[in-house]
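Chains as they are written, first to last, in my numbering: chain A, 1 to 338; chain B, 339 to 676; chain C, 677 to 1014; chain D, 1015 to 1352. Contents: one structure, followed by commentary.
Number of protein chains: 4
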Amino acid sequence: MKFLSDNTAAVHPRVWDAMRAADAPDSGYDGDALSRRMDEAFSDLFGTECTALWIATGTAANCLALAAMVPPHGGVVCHREAHIEMDEGGAPGFYMHGAKLMLADGEGAKLTPQAIERVIDPIRNDVHQVQPHAISLTQATEYGRVYTPEEVARIGSLAQGRGLGLHMDGARFANAVAHLGCHPAEVTAQAGVDVLTFGCVKNGGMNAEALVFFDMELADVVRYRRKRAGHLQSKGRYLAAQVLAMIEGDLWLDNARAANAAAQEIAQACGSRVFHLVEANEIFVVLSPAEQATLRAQGFDFYDWTAPEGAPGAARLVTAWNTDPDHATALARAISAL
Amino acid sequence: MKFLSDNTAAVHPRVWDAMRAADAPDSGYDGDALSRRMDEAFSDLFGTECTALWIATGTAANCLALAAMVPPHGGVVCHREAHIEMDEGGAPGFYMHGAKLMLADGEGAKLTPQAIERVIDPIRNDVHQVQPHAISLTQATEYGRVYTPEEVARIGSLAQGRGLGLHMDGARFANAVAHLGCHPAEVTAQAGVDVLTFGCVKNGGMNAEALVFFDMELADVVRYRRKRAGHLQSKGRYLAAQVLAMIEGDLWLDNARAANAAAQEIAQACGSRVFHLVEANEIFVVLSPAEQATLRAQGFDFYDWTAPEGAPGAARLVTAWNTDPDHATALARAISAL
Amino acid sequence: MKFLSDNTAAVHPRVWDAMRAADAPDSGYDGDALSRRMDEAFSDLFGTECTALWIATGTAANCLALAAMVPPHGGVVCHREAHIEMDEGGAPGFYMHGAKLMLADGEGAKLTPQAIERVIDPIRNDVHQVQPHAISLTQATEYGRVYTPEEVARIGSLAQGRGLGLHMDGARFANAVAHLGCHPAEVTAQAGVDVLTFGCVKNGGMNAEALVFFDMELADVVRYRRKRAGHLQSKGRYLAAQVLAMIEGDLWLDNARAANAAAQEIAQACGSRVFHLVEANEIFVVLSPAEQATLRAQGFDFYDWTAPEGAPGAARLVTAWNTDPDHATALARAISAL
Amino acid sequence: MKFLSDNTAAVHPRVWDAMRAADAPDSGYDGDALSRRMDEAFSDLFGTECTALWIATGTAANCLALAAMVPPHGGVVCHREAHIEMDEGGAPGFYMHGAKLMLADGEGAKLTPQAIERVIDPIRNDVHQVQPHAISLTQATEYGRVYTPEEVARIGSLAQGRGLGLHMDGARFANAVAHLGCHPAEVTAQAGVDVLTFGCVKNGGMNAEALVFFDMELADVVRYRRKRAGHLQSKGRYLAAQVLAMIEGDLWLDNARAANAAAQEIAQACGSRVFHLVEANEIFVVLSPAEQATLRAQGFDFYDWTAPEGAPGAARLVTAWNTDPDHATALARAISAL
């Protein structure tokens, strides 16, 4: 019973079906019918005109987006624990040609206008210091926290006022929207987001994410950069198929709801052990080494985590679109029984 | 009846099967059982110890390999019409951080030791000129020409003598080996090749190539760089599955033989129209605009090509692993009848 | 008697005087009075509003200018024998983050609209090929050839029509203008040049060139990039002093005229030995090894050069602002006497 | 009476003399007699074989050194307030092609082995996280603090144990050695430093620093990179002259001692106002806005500074090699009188 990560879950049957259907011959790269349908499909989904490009990984998607907004001599504000800072092996430095990540603090890996200002306000407007050109948010955050539309909009407003681009890393965007119950545009286009990394891989896809450009001019640069990064696959239709399967018929939300529901069931059982509010599909809990051992002995797999100060130990539990409800219930019970 | 390119052909059923079988849960990135089997599988295939990494595209594979051999201030010798120079959207400059492609000439896009020396010998050994650090060959070339083991070995010998790395872009390596009928090591490891881009996508794969390192130390750098380039997919097992399916049971050779055979049948019919010796699965033929129109009217799709001097026009015909033999026969007859 | 290169000549006394005068305390970087006078001084010189920044070397100046016009995924057209391609150790690749030099041909290292079109017209407007974003000319060229105002204007017109930036490497701009006898704006601002590398070092300066921006917005990026490249010297006033000393009182033209006159005297003596029309301060002459030895035995220093086809040998003779007229006369006589 | 910065002070007369003497013709770039003398001169100075290259600015010198030790996918540990992080306009990202600065804490901008370990120990040894490849110290630090030989040696030992390179930014190295009274090798070569940026500009030079390589292999890469960065000046002899003038006859120490002495005199007067121990030529003092105004009204120029918590205000006072002792005394008295 695996609660290690959502990023290795099996591919959803409807995604498989869509991929198989893409076997029919068509044009290469993104000249095929499926790839060409993406702009319209995402414009419909968001209720606003946008451009969408498939790309195999979130790391590449995030970094291509940022590189379109930030010149090599610029910087981008992100949370100190953001994926782009912690877990992308220096990809932002590569894609942005040496531009700088400017690290802000915030509870639950969430940024606030104040936290961003604490980073950018002390920067002298001279050539000796790297100047900020963009902000990158993660929705849901590395700790499974979710920005409300109002929270994003306040940051969007700051970005606009300072002339900064706004990127959203939505590796778990579906989980966030499923939690909020809002229209996806409310936390993106309407809140000032310029580009969204719309995650599919953690949510039932195989190897395709979508970059959604509400500022459509940015896509023109990214088209060239995607090829230049070796990310323009010749059989792109198999990626487009995945992405379209995810958004058509709301599979993305159904999958996210399933993962979130499993997380909620477990979170209830954890009670005050939880140290980051559970809003998406990740649960961070205080668990002593002995308790962890007990759970593992019952067949539950999960990662150790850094415990909050004073706690005897901690773990991260992640649910996925295909988490067996019985497994979630079993884990909830096992934790209650500790 | 499509003879446009092999890079959009459907995925082979055995590749599909292998991918479906990879749906079972396993570790992320390249920690799964399939990814961990790659070194051994390729070591068996080549009869020599090597390291193999999957990567989604040939462009990324080529450039990651080169970046491990060439420092940012260095250069790599390749043919003036090599894919890395002509068709990768500047990816070598990106991955190698500005290192330089040094362009050599040669019939059929083939390099020779002499052609390479004509490029590197005039370079003064001082800091004002970029120094060569590697050579990149394409097997088969952009014009479907194949290097014999002796030809590669002579270049390998030059590379070794000059302290240069040797990379082989094998997007159509299978077609070359199928043509040569040699052991794959004879044109690679035994001939001085340090890294091979082992192509699968044009040969029945979906979106996985393999980088095969005979100089295994280079792989250590590439592991980091692959992640840094956003090419370390979290569900890497679906890529490993494709690659393993290609090499296990010699599917790679069977597929290439089928493509080559179709090409030979068409080439026979083309006779003296052919202006690059047909050794793999590409046929370059003199065809006047009127002749092209005649063929297209019969349902044959192919690309116009730049005609040799004095010729009235030309076309490129490409076969693939799944080219219907009846289509190849039909095209051969239609050309004979012109 | 040295005719090796103009790039090691002594510093002109008036430049020394200006540097000494800069010893007085002032603000750091380019906040001092001298640096702040540069915009106005160059605007006066060119008769049009422009922005000017000092920079220690021509290589850095050229590459900073190009990097402001060309994105990392783009390219710049230059002559196959341009300094940026041949002699800058890969600096363009570094400064432009991997952007590509696109090499054109042309007699005497001069570009023409036709030669440029032969490079850019075959480039498909798709993401697989690097797209041109700028053109770089060298005035005078590597072979001492000079573009007339009309020739530059034709290229400027092409650049504008194609949406390309236009850079001029003017390491020997003074020699070119001295030869043409025109107003400096006629071959730059009025002919469509966006940025000029205004050379001083080869013309009596120590280590300061000026980047002159007729497209002044480009300077905003270059200010940041100059610092980022470690080229914003803290005692910038000593560089500004050099540049201002060169242009005030027309020292730049006086020095260039002296060098050109010496070259003309030698060229006259060379007669049909000359294989590049002598328009600036470089003379390329057919000289057999024996003749070279004869001259060297008489105390003349110069570089061997690649001989034109069929010629027994060749040499490059370069004069400088401080070439002793007696030395020039002596060399002219010695060549006549061969 | 200026106490703003040492980086704009006049050039020392002996440096001027050396530069004038370099006017005699010689080879270009670093082929001249002065440049060729640098290795020996620095080997003598440090009492150990080393290689030394001139370079115009400390920013370029630091970044070239780091780029020789750190691959683009790596990282370098430095203090959170190091010049390379705070004041070089992103130059490290440019020169290191996107490698990462890893920020450590420490009083007075000094690193300790413990502070470094707190940064590098949590880094998992996998491809998802950037791995450290070097450490960069600043001697004296941004706050005028000096590492003792033992302190450097402890960090050198850590570096060696972890396989990390060790770079020392010695923009104010002379002030540090003058303070320590030790042999310069004791805080560098003997303590495990691989490369030293030996500052001259702040200490009476015009625009030349020296990169001193105790790990001489690193110099081979830097030679190419210096050219590639546009920092190989053609009249390099004027830079070599500056550097040699600084170290010959111990001018570097004499100048530093003068600056340090002036700083000590002022520091004495400041008493408990001082909030960073004064060991070199910078004094950080608590001064209320009113006190600052009083001093400025008496003709003293200096920069405001961020005050320690609870303090009413602060200022930074910097002395230089040419600080008039009368000015220092006057400032000391004025502060005493506050």
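By construction, the Cβ of each residue, glycine as well, lies at the ideal position given by its N, Cα and C atoms.
Item to check | Whole-angstrom distance between D/A1113 and D/G1107, CA atom to CA atom | outcome: Numbered from its first residue, the fourth sequence carries residue 1107 of chain D at position 93. Numbered from its first residue, the fourth sequence carries residue 1113 of chain D at position 99. Between the alpha carbons of D/G1107 and D/A1113 lies a distance of about 6 Å.
Checklist entry - Using a Cβ cut-off of 9 Å, which residues of the segment 1123–1149 of chain D contact any Cβ in chain B, in chain order? => result Per Cβ criterion, the list reads D1140, V1141, H1142, V1144, Q1145.
Checklist entry - What does D/F1108 touch in chain A if you count any residue whose Cβ is under 9 Å from its own? => result The residue given as residue 1108 of chain D occupies position 94 in the fourth sequence. Near D/F1108 (Cβ distances below 9 Å), the residues of chain A are P72, H73, H97, G98.
Checklist entry - In the structure shown, what three-state DSSP assignment does D/C1284 receive? => result Counted from its first residue, the fourth sequence places residue 1284 of chain D at position 270. DSSP places D/C1284 in helix when its eight states are reduced to three.
Checklist entry - How many angstroms separate the CA atom of C/A686 from the CA atom of C/V962? => result The count along the third sequence starts at 1 and reaches residue 686 of chain C at position 10. The count along the third sequence starts at 1 and reaches residue 962 of chain C at position 286. Cα to Cα, the separation comes out at about 29 Å.
Checklist entry - CB-CB under 6 Å to B/A579, same chain, minus the five flanking residues each way: which ones, in chain order? => result Taking the first residue of the second sequence as 1, we reach residue 579 of chain B at position 241. Cβ neighbours of B/A579 beyond the five flanking positions: A356, M357, A360, L372.
Checklist entry - If you drop the 5 nearest sequence neighbours on each side, which residues of the same chain put their C-beta closer than 8 Å to that of D/L1067? => result Within the fourth sequence, residue 1067 of chain D is the residue found at index 53, counting from 1. The residues are D1044, M1052, A1224, L1225, F1227, A1233, V1236, R1237, R1240.
Next on the checklist: Tell me which residues share the same chain as A/Y303 and place their Cβ nearer than 7 Å to its Cβ, disregarding the 5 neighbours each side in the sequence.
Outcome noted: Sequence index remark: in the first sequence, residue 303 of chain A carries index 303 (1-based). The residues are L4, A315, R316.
Checklist entry - Within 9 Å (strictly less), CB to CB, does B/D361 reach chain C? => result Taking the first residue of the second sequence as 1, we reach residue 361 of chain B at position 23. At least 9 Å separates the CB of B/D361 from every CB of chain C.
Checklist entry - From what residue to what residue does the beta strand (DSSP E) around A/Q131 run? => result Sequence index remark: in the first sequence, residue 131 of chain A carries index 131 (1-based). Bounds of the beta strand (DSSP E) holding A/Q131 are 131–138.
Item to check | Own chain partners of D/L1125 with C-beta closer than 8 Å, once the 5 adjacent residues on each side are dropped | outcome: Walking along the fourth sequence from the start, residue 1125 of chain D turns up at place 111. Excluding five sequence positions before and after D/L1125, the CB atoms of its chain that fall closer than 8 Å to its own CB belong to V1091, C1092, H1093, A1118, I1149, L1151, I1169, given in chain order.
Checklist entry - Helix, strand or coil for D/A1068 per DSSP? => result Residue mapping note: residue 1068 of chain D aligns to position 54 of the fourth sequence, counting from 1. Rather than Ala, the amino acid found at residue 1068 of chain D in this sequence is Trp. If DSSP states are grouped into helix, strand and coil, D/W1068 belongs with the strands.
Checklist entry - Based on the DSSP output, what are the partners of A/F198 in its beta bridges? => result Against the first sequence, residue 198 of chain A aligns to sequence position 198. Residue pairing of A/F198 in beta bridges, as defined by DSSP: A/G170, A/A210.
Checklist entry - If you draw a straight line from the alpha carbon of C/Q836 to that of C/N738, how long is it in whole angstroms? => result Counting from 1 along the third sequence, the entry for residue 836 of chain C is found at position 160. Counting from 1 along the third sequence, the entry for residue 738 of chain C is found at position 62. Going by the C-alpha atoms only, they are around 20 Å apart.
Item to check | Interface flag, A/N142 vs chain D, CB-CB below 9 Å | outcome: One-based indexing of the first sequence puts residue 142 of chain A at position 142. Before going further, note that residue 142 of chain A is Glu rather than Asn in the sequence given. Judged by the 9 Å Cβ criterion, A/E142 is not in contact with chain D.
Checklist entry - According to DSSP, which residues form a beta bridge with B/V415? => result Taking the first residue of the second sequence as 1, we reach residue 415 of chain B at position 77. Partner(s): B/M440, B/I473.
Next on the checklist: Any beta carbon from chain B within less than 9 Å of C/M778's own beta carbon?
Outcome noted: Counting from one through the third sequence, the residue named residue 778 of chain C turns up at place 102. Answer no: the Cβ-Cβ gap between C/M778 and chain B never drops below 9 Å.
Item to check | 6 Å Cβ shell around D/I1349 - same chain, five flanking residues per side excluded | outcome: In the fourth sequence, the residue the question calls residue 1349 of chain D occupies position 335. Excluding residues within five positions, the ones whose Cβ falls inside 6 Å are A1283, C1284.
Checklist entry - Any residues in the segment 212–237 of chain A with a beta carbon nearer than 9 Å to a beta carbon of chain C? Which ones, in chain order? => result If the cut-off is 9 Å between Cβ atoms, the segment 212–237 of chain A has V221, R223, Y224, R225, R226, K227, R228, L232 near chain C.
Checklist entry - Any beta-carbon of chain B closer than 9 Å to the one on C/D763? => result Taking the first residue of the third sequence as position 1, residue 763 of chain C is located at position 87. So yes, C/D763 belongs to the interface.
Item to check | Opening and closing residue of the alpha helix (DSSP H) in which B/A371 lies | outcome: Here residue 371 of chain B refers to the residue found at position 33 when the second sequence is read from its first residue. Start and end: 371–384.
Item to check | Beta-bridge partners of D/A1276, as assigned by DSSP | outcome: Position 262 of the fourth sequence, counted from the first residue, corresponds to residue 1276 of chain D. Looking at the DSSP assignment, D/A1276 forms no beta bridge with any residue, so it has no partner.
Checklist entry - Given a threshold of 16 other Cβ atoms within 10 Å of its Cβ, counted over all protein chains shown, does D/D1058 qualify as buried or as exposed? => result Counting from one through the fourth sequence, the residue named residue 1058 of chain D turns up at place 44. A residue is called buried once 16 or more other Cβ atoms fall within 10 Å of its Cβ, and D/D1058, having fewer, is exposed.
Checklist entry - If you compare alpha carbons, which of D/N1217, D/A1185, D/A1167 is closest to D/V1201? => result Here residue 1201 of chain D is taken as the residue at index 187 of the fourth sequence, counted from 1. Comparing Cα positions, the closest option is D/A1167.
Item to check | Distance, A/A65 Cα to A/A91 Cα | outcome: Mapped onto the first sequence, residue 91 of chain A falls at position 91. Mapped onto the first sequence, residue 65 of chain A falls at position 65. Taking the straight line from one Cα to the other gives about 12 Å.
Checklist entry - Tell me which same chain residues have a C-beta within less than 6 Å of the C-beta of A/G165, skipping the five on either side of it? => result To locate residue 165 of chain A, count along the first sequence from 1; it is residue 165. Here the set comprises M69, A134, D194.
Checklist entry - Among residues of its own chain, excluding the 5 on either side of C/E793, which ones have a beta-carbon nearer than 8 Å to its beta-carbon? => result Reading the third sequence from its first residue, position 117 is the one you call residue 793 of chain C. Excluding residues within five positions, the ones whose Cβ falls inside 8 Å are L834.
Checklist entry - Along chain F, in chain order, which residues have C-beta atoms closer than 7 Å to that of B/M544? => result Of the protein chains in the structure, A, B, C and D, none is chain F.
Item to check | Endpoints, alpha helix (DSSP H) assigned at A/Y95 | outcome: Within the first sequence, the letter at position 95 stands for residue 95 of chain A. Note, A/Y95: alpha helix (DSSP H), 91–95.
Next on the checklist: For the segment 170–184 of chain A against the segment 241–257 of chain A, do three or more pairs of beta-carbon atoms, one drawn from each stretch, fall closer than 8 Å, so that the two count as touching?
Outcome noted: Taking 8 Å as the limit for Cβ pairs, the verdict is that the segment 241–257 of chain A does touch the segment 170–184 of chain A.
Next on the checklist: For a quick check, are the C-beta atoms of B/L577 and B/A394 less than 9 Å apart?
Outcome noted: Your numbering for residue 577 of chain B matches position 239 in the second sequence. Your numbering for residue 394 of chain B matches position 56 in the second sequence. Cβ atoms of B/L577 and B/A394: closer than 9 Å.
Checklist entry - Under three-state DSSP, which class holds A/W321? => result For the purposes of this step, residue 321 of chain A is taken as the residue at position 321 of the first sequence. In the displayed model, A/W321 falls within coil according to three-state DSSP, outside both helix and strand.
Checklist entry - Could one say the Cβ of D/C1064 lies closer than 9 Å to chain C's Cβ atoms, at least one of them? => result Against the fourth sequence, residue 1064 of chain D aligns to sequence position 50. No - not a single Cβ of chain C is within 9 Å of the one on D/C1064.
Item to check | Environment of A/Q139 [buried if 16+ CB atoms lie within 10 Å] | outcome: To locate residue 139 of chain A, count along the first sequence from 1; it is residue 139. Looking at its Cβ environment, which holds 16 or more other Cβ atoms inside 10 Å, A/Q139 is buried.
Checklist entry - Taking buried to mean at least 16 other C-beta atoms within 10 Å of its own C-beta, is D/Q1204 buried or exposed? => result By 1-based counting over the fourth sequence, the position of residue 1204 of chain D is 190. Under this definition D/Q1204 is a buried residue.
Checklist entry - How about B/G482 and B/N619: are their beta carbons less than 9 Å apart? => result The residue given as residue 482 of chain B occupies position 144 in the second sequence. The residue given as residue 619 of chain B occupies position 281 in the second sequence. Yes, the pair counts as a contact, with Cβ atoms nearer than the cut-off.
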